[in-house]
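Asker: Number 201 in my numbering belongs to position 191 of the sequence shown; there are no gaps in the numbering.
Beta carbons are placed, not taken as given, at the ideal position from N, Cα and C, and that holds for glycine.
This one's a predicted model, so the numbers in the text were calculated from it and none came from an experiment.
Okay, handing you the structure first.
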Amino acid sequence: MLNKICLIIVAIITVNSIIAQSTNKLLKYLSNNESKVIEKVNMPGEVYKITDKVSGRSTYKNLGEYKPKNKIHKTTVAVDTTVIYPDLVDTIQFEGMYKYWTTIDIGTIGPIPIIAGDVNENGRAELYGERYNTYQHINERSIYEYNPDIKAFEYKADLPWDSITYYVDFTQIYDINMDGKKEIFITGSEQIYDSIQALDVARTFKLSDSTNLPTEIDFDYRQCNQMNDPLWGEYDNREGTDLFYCGESCDLRVAAARYDKNTNSAETVFVYLVPDSIFYLAGTSNCDIDNDGFADLVTGGLRGDVVVFEYQEDIENYKDVWYGDAGTYNVYIHFYTNDIDKNGKKEFWVGGAAFYDGVPKTKLTCFEAIGNNKYEAQHVIEIDNRFGFDAYNGFAVDIDKDGTEEIGLCLDQTFMILKFNGSENKWGFDLFYLKLNYTENSSYSGALMYDADGNGNKEILIQMDDDPPGLGSKKILTKIYKPTDLVGVAKTGKVLNTYKLYQNYPNPFNPSTTIKYSIPCSTECYSVLQTTLKVYDVLGREVTTLVNKEQKPGNYEVGFNGDNLPSGVYLIKMTAGEYTKTIKSLLVK
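Here's what the structure looks like:
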């Protein structure tokens with residue numbers, strides 16, 4: 011039963027898009043796409059392997075009519091569903107909420123977004139993506155950085171190829187070697203002999219002294235599988251970070267690799283061969299949903315399966331700890347949220363698409379923990395008449411800074427933001443923002459939201475392709491849209507600063523280091539904020555409190571002495587108002 015229906019009917023919008031009304035129409039679109047190779051898989055149903063000719067990235071799609079294996083249910087009551095009808099919405103109501111700002115000449119082939127961050131900690135955002143233009147014969151993996159003096163992004167550098175035949179996608183910014191400095195992670199392949207299948211390579215770049223950007227190769231992790239949505243993290247509470255990914259090539263697997271700082275390399279430590287009953291898993295998210303101290307590593311399957319992996323102390327390795335059903339096919343959208351309904355529980359979301367009585371629909375299902383390694387569906391968001399192919403990514407973002415996250419979703423020619431309108435244990439969402447792509451011969455390939463200009467508000471960054479000269483060429487790019495006062499986050503007062511916790515210096519240190527931070531000054535510069543700065547060990551145990559008092563806006567610094575502490579990684583966490591950030595410091599004696 012649909013207890014919550016979000017239906018706004020003003021006008022029927024005709025959209026120049028690849029929205030499929032049937033399996034045959036979607037297949038026709040795929041067959042006419044010269045950049046894709048379409049192969050029918052020898053198995054029951056309408057299953058196809060789709061490979062992009064440029065990136066070499068492949069995925070499997072089930073284009074058949076959905077046939078449920080299990081009914082999604084809660085223990086006592088049916089799962090509420092919010093239904094969104096994008097084609098029946100008058101988009102005029104959203105005009106003026108976000109205004110076009112600029113276009114950056116990097117993007118993604120898809121179906122994932124670019125990545126953004128501040129790796130060199132200079133207070134300027136960097137964008138990492140593919141600089142690809144067939145008309146100009148450009149195919150690079152590039153870095154752009156925001157310049158506040160000219161209020162624009164500047165091209166900074168290309169990554170060196172160095173034996174890589176094909177780079178695929180930037181996937182993550184993370185401190186892999188735990189030295190207090192972040193690295194960039196990108197996947198690709200290396201063709202050693204033409205007669206032998208190429209090796210798949212996950213390459214890590216570190217900050218270069220000459221460029222002050224992550225352009226120096228740190229290490230490569232090689233194996234025989236395309237890595238789908240790989241994520242680094244501290245999943246096992248052991249020394250060293252681990253890489254978790256779904257693999258496809260020489261076999262279909264889920265695997266984990268552990269970084270070894272002594273050899274500056276990663277080695278595979280876990281392999282789960284996907285059983286025939288599931289066939290294929292892809293997409294990942296990582297968060298400790300059940301609060302047992304270990305990350306829940308969530309994946310999704312072609313046939314609707316949801317499989318959660320977790321590190322198990324008794325076997326000192328990873329294990330498949332839970333199996334569920336998403337109520338749809340192609341469950342490759344994954345993200346988590348931080349207790350949207352304020353019942354004290356985090357949530358993980360899985361999403362996919364299938365045909366229901368000939369109508370394509372994308373469904374996102376929210377799960378919460380009901381025990382250790384036990385999860386239960388809480389809510390479903392259904393997007394009518396959408397089957398993501400070129401783009402299908404979702405994410406959580408707190409746009410209005412009220413402590414409750416919104417959900418961003420990019421599905422081919424559609425970008426939308428959904429806002430929670432329920433209460434504790436009562437779910438429901440409204441359509442907060444909708445943007446459709448009307449550009450001819452163009453398609454979205456992913457989206458994210460990030461504070462690109464450092465003013466404290468998050469912009470919309472949408473990746474798409476285009477044909478600038480109209481000659482059948484292809485260029486990928488990112489369009490950025492700024493929020494206005496209509497969104498409720500843009501402020502008219504003078505902004506003198508933004509929250510910032512800087513990397514401690516020196517780092518590594520012995521035994522003392524200095525931490526600098528800043529508190530913003532808005533129109534109410536006389537206000538004070540309760541500010542805390544605490545130090546934890548890698549197991550999350552509090553070591554000391556450096557700051558715990560009300561402070562006025564301004565720039566501050568404080569010292570941390572580790573004379574009585576053992577060598578190791580220590581986490582420094584700052585909290586001021588709704589702002590929180592954690593940095594890593596390394597004590598070496």
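Within a Cβ cutoff of 7 angstroms, which residues of the same chain sit near residue 335, ignoring the five residues on either side of it in sequence?
Answerer: In the sequence shown, the residue the question calls residue 335 occupies position 325. Closer than 7 angstroms at the Cβ level, and outside the excluded window around residue 335, lie 79, 80, 82, 314, 315 and 316.
Asker: Evaluate residue 567 with the Cβ neighbour count: other Cβ atoms within 10 Å of its Cβ, from every protein chain shown; 16 or more gives buried, anything less gives exposed.
Answerer: Position 557 of the sequence shown, counted from the first residue, corresponds to residue 567. The residue in question, residue 567, is exposed, as its Cβ has fewer than 16 Cβ neighbours within 10 Å.
Asker: May I ask which residues mark the beginning and end of the beta strand (DSSP E) holding residue 332?
Answerer: If you number the sequence shown from 1, residue 332 lands on position 322. Run containing residue 332: 327 to 335, per the beta strand (DSSP E) assignment.
Asker: I'd like to know if the segment 539 to 548 and the segment 223 to 240 are in contact, where contact means that at least 3 CB-CB pairs between them fall below 8 angstroms.
Answerer: Taking 8 angstroms as the limit for Cβ pairs, the verdict is that the segment 223 to 240 does not touch the segment 539 to 548.
Asker: With the cut-off set at 8 angstroms, would you say residue 102 and residue 154 are in Cβ contact?
Answerer: Position 92 of the sequence shown, counted from the start, is the residue given in the question as residue 102. Position 144 of the sequence shown, counted from the start, is the residue given in the question as residue 154. No, these two residues do not count as a Cβ contact at 8 angstroms.
Asker: Could you tell me the alpha carbon to alpha carbon distance between residue 250 and residue 270, rounded to whole angstroms?
Answerer: Taking the sequence shown and counting its residues from 1, the one referred to as residue 250 is at position 240. Taking the sequence shown and counting its residues from 1, the one referred to as residue 270 is at position 260. The straight-line gap from Cα to Cα measures roughly 6 angstroms.
Asker: Over the uninterrupted beta strand (DSSP E) stretch that includes residue 240, give me the two end residues.
Answerer: Numbered from its first residue, the sequence shown carries residue 240 at position 230. Note, residue 240: beta strand (DSSP E), 235 to 243.
Asker: Check the C-beta distance from residue 241 over to residue 294 and give it rounded, since I have them as a contact under 8 angstroms.
Answerer: Within the sequence shown, residue 241 is the residue found at index 231, counting from 1. Within the sequence shown, residue 294 is the residue found at index 284, counting from 1. Sure, about 5 angstroms apart at Cβ, within 8 angstroms.
Asker: Which class does residue 78 belong to by DSSP, given the choice of helix, strand or coil?
Answerer: Residue numbering aside, residue 78 sits at position 68 when the sequence shown is read from its first letter. Here residue 78 sits in coil by DSSP.
Asker: Using the beta-carbon count (16 or more within 10 Å), is residue 53 buried or exposed?
Answerer: Reading the sequence shown from its first residue, position 43 is the one you call residue 53. Answer is exposed; the Cβ neighbour count stays below 16.
Asker: Distance, Cα to Cα, residue 488 vs residue 292?
Answerer: Here residue 488 refers to the residue found at position 478 of the sequence shown. Here residue 292 refers to the residue found at position 282 of the sequence shown. One C-alpha to the other measures close to 25 angstroms.
Asker: For residue 64, which of helix, strand or coil comes out of DSSP?
Answerer: Residue numbering aside, residue 64 sits at position 54 when the sequence shown is read from its first letter. Coil.
Asker: Excluding five sequence neighbours on each side, which residues of the same chain lie with their C-beta closer than 8 angstroms to the C-beta of residue 221?
Answerer: Walking along the sequence shown from the start, residue 221 turns up at place 211. Once the five neighbours on either side are set aside, the close Cβ partners of residue 221 are 166 and 167.
Asker: Taking C-alpha atoms, which residue in 588, 413, 580 and 226 lies nearest to residue 594?
Answerer: Along the sequence shown, one-based indexing puts residue 594 at 584. Here the closest residue by C-alpha is 580.
Asker: With C-beta atoms as the reference, is residue 457 less than 8 angstroms away from residue 135?
Answerer: Translated into positions along the sequence shown, residue 457 becomes position 447. Translated into positions along the sequence shown, residue 135 becomes position 125. In this structure, residue 135 does not lie closer than 8 angstroms to residue 457 by Cβ.
Asker: Is residue 466 near residue 370, with beta carbons less than 8 angstroms apart?
Answerer: As a first step, residue 466 is located in the sequence shown; it is residue number 456 there, counting from the start. As a first step, residue 370 is located in the sequence shown; it is residue number 360 there, counting from the start. Cβ atoms of residue 466 and residue 370: not closer than 8 angstroms.
Asker: Between residue 216 and residue 522, what straight-line distance do the alpha-carbon atoms span, to the nearest angstrom?
Answerer: Translated into the one-based positions of the sequence shown, residue 216 becomes position 206. Translated into the one-based positions of the sequence shown, residue 522 becomes position 512. Computed Cα separation, rounded: 25 angstroms.
Asker: Within a Cβ cutoff of 6 angstroms, which residues of the same chain sit near residue 232, ignoring the five residues on either side of it in sequence?
Answerer: In the sequence shown, residue 232 corresponds to position 222, counting from 1. Answer for residue 232: 209 and 211, listed in chain order.
Asker: Give me, in chain order, the residues of the same chain whose beta-carbon lies closer than 6 angstroms to that of residue 393; leave out the 5 immediate sequence neighbours on both sides.
Answerer: Counted from its first residue, the sequence shown places residue 393 at position 383. Answer for residue 393: 94 and 372, listed in chain order.
Asker: Assuming residue 363 and residue 338 make a contact with CB atoms under 8 angstroms, what is their CB distance in whole Å?
Answerer: Walking along the sequence shown from the start, residue 363 turns up at place 353. Walking along the sequence shown from the start, residue 338 turns up at place 328. Sure, about 6 angstroms apart at Cβ, within 8 angstroms.
Asker: Return the first residue and the last residue of the beta strand (DSSP E) that residue 248 is part of.
Answerer: Translated into the one-based positions of the sequence shown, residue 248 becomes position 238. No beta strand (DSSP E) contains residue 248, which DSSP labels as neither H nor E.
Asker: If you run the structure through DSSP and keep just helix, strand and coil, what is residue 315?
Answerer: Taking the sequence shown and counting its residues from 1, one reaches residue 315 at position 305. Three-state result, residue 315: strand.
Asker: Using 8 angstroms for Cβ pairs, my map puts residue 225 next to residue 170. What's the rounded Cβ distance?
Answerer: By 1-based counting over the sequence shown, the position of residue 225 is 215. By 1-based counting over the sequence shown, the position of residue 170 is 160. About 7 angstroms; that satisfies the 8 angstroms criterion.
Asker: Out of 322, 64, 544 and 274, state which residue places its alpha-carbon closest to the alpha-carbon of residue 140.
Answerer: In the sequence shown, counting from the first residue as 1, residue 140 sits at position 130. Closest option to residue 140, Cα to Cα, is 64.
Asker: With a CB to CB cut of under 6 angstroms and the five nearest residues on each side skipped, what residues in its chain are close to residue 408?
Answerer: By one-based count along the sequence shown, residue 408 stands at place 398. Closer than 6 angstroms at the Cβ level, and outside the excluded window around residue 408, lie 415.
Asker: Distance, Cα to Cα, residue 535 vs residue 163?
Answerer: The count along the sequence shown starts at 1 and reaches residue 535 at position 525. The count along the sequence shown starts at 1 and reaches residue 163 at position 153. Only weak support is given to the placement of residue 535: the predicted model assigns it a pLDDT of 46, under 50, and the value that follows is read from those uncertain coordinates. Using only the alpha carbons, I get a separation of about 29 angstroms.
Asker: Does the beta-carbon of residue 213 have 16 or more other beta-carbons within 10 angstroms, so that it is buried, or is it exposed?
Answerer: Position 203 of the sequence shown, counting from 1, holds the residue named residue 213. Residue 213 comes out buried.
Asker: In whole angstroms, what separates the C-alpha of residue 300 from that of residue 71?
Answerer: Locating residue 300 in the sequence shown gives position 290, where the first residue counts as 1. Locating residue 71 in the sequence shown gives position 61, where the first residue counts as 1. Roughly 31 angstroms separates the two Cα atoms.
Asker: Examine the Cβ distances between the segment 273 to 292 and the segment 254 to 265 and report whether three or more of them are shorter than 8 angstroms.
Answerer: Judged by Cβ distances under 8 angstroms, the segment 273 to 292 makes contact with the segment 254 to 265, as three or more pairs qualify.
Asker: Give the C-beta separation of residue 308 and residue 383 to the nearest angstrom, bearing in mind that I take them to be a contact with Cβ-Cβ under 8 angstroms.
Answerer: The residue you call residue 308 lines up with position 298 of the sequence shown. The residue you call residue 383 lines up with position 373 of the sequence shown. Incorrect: roughly 12 angstroms between the Cβ atoms, too far for contact.
Asker: So residue 197 is in the beta strand (DSSP E); what residue range does that whole segment cover?
Answerer: Translated into the one-based positions of the sequence shown, residue 197 becomes position 187. 193 to 200 is the extent of the beta strand (DSSP E) around residue 197.
Asker: Near residue 517, what residues of its chain come up, given a Cβ to Cβ distance below 7 angstroms and the 5 sequence neighbours on each side ignored?
Answerer: Walking along the sequence shown from the start, residue 517 turns up at place 507. 190, 523, 595 and 596, listed in sequence order.
Asker: Is it buried or exposed for residue 333, if we count other Cβ within 10 angstroms and need 16 for buried?
Answerer: Numbered from its first residue, the sequence shown carries residue 333 at position 323. Exposed.
Asker: If you draw a straight line from the C-alpha of residue 350 to the C-alpha of residue 545, how long is it?
Answerer: Stepping through the sequence shown from its first residue, residue 350 is reached at position 340. Stepping through the sequence shown from its first residue, residue 545 is reached at position 535. If I take the Cα positions, the gap works out to 28 angstroms.
Asker: Taking C-beta to C-beta, are residue 491 and residue 156 nearer than 8 angstroms?
Answerer: If you number the sequence shown from 1, residue 491 lands on position 481. If you number the sequence shown from 1, residue 156 lands on position 146. In this structure, residue 156 does not lie closer than 8 angstroms to residue 491 by Cβ.
Asker: Grab the span of the beta strand (DSSP E) containing residue 473 for me, first residue to last.
Answerer: Here residue 473 refers to the residue found at position 463 of the sequence shown. Where residue 473 is concerned, the enclosing beta strand (DSSP E) stretches over 469 to 476.
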